[in-house]
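K.L.:
FYI, the numbering for the sequence shown is 27 to 90, going by my numbering. Ideal Cβ positions, reconstructed from N, Cα and C, are used throughout, including at glycine.
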Amino acid sequence: KSLAIGGGPKRTTMATGAKTNNELLAKSAHYKAKAAATTDPVLAKGYRDLAKDFADKATEAETK
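(1) Between residue 77 and the rest of its own chain, which residues show a CB-CB distance below 7 angstroms, the 5 nearest in sequence each way excluded?
(2) At which residues does the alpha helix (DSSP H) containing residue 75 begin and terminate?
(3) Rounded to whole angstroms, what is the Cα-Cα separation between residue 70 and residue 85?
(4) Where does residue 64 fall in DSSP's three states?
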């Protein structure tokens, strides 16, 4: 009973790096949007720095 039947659902796995890259790019976009929405220049610079850090991490993880 525990065996898979022909034509039944298959087990799949996601590549570990793909999910991580997407999450890092999403965080980068989130901080870019926050930087664009704020009127405080110091806070906007901090958000842009965070966005750049996450984008760099995604690029770094992609090249591995």
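P.N.:
The relevant details are as follows:
(1) 54, 57, 58 and 61
(2) 67–89
(3) Straight across, the Cα-Cα distance linking residue 70 with residue 85 is about 22 angstroms.
(4) Residue state, collapsed to three classes: coil.
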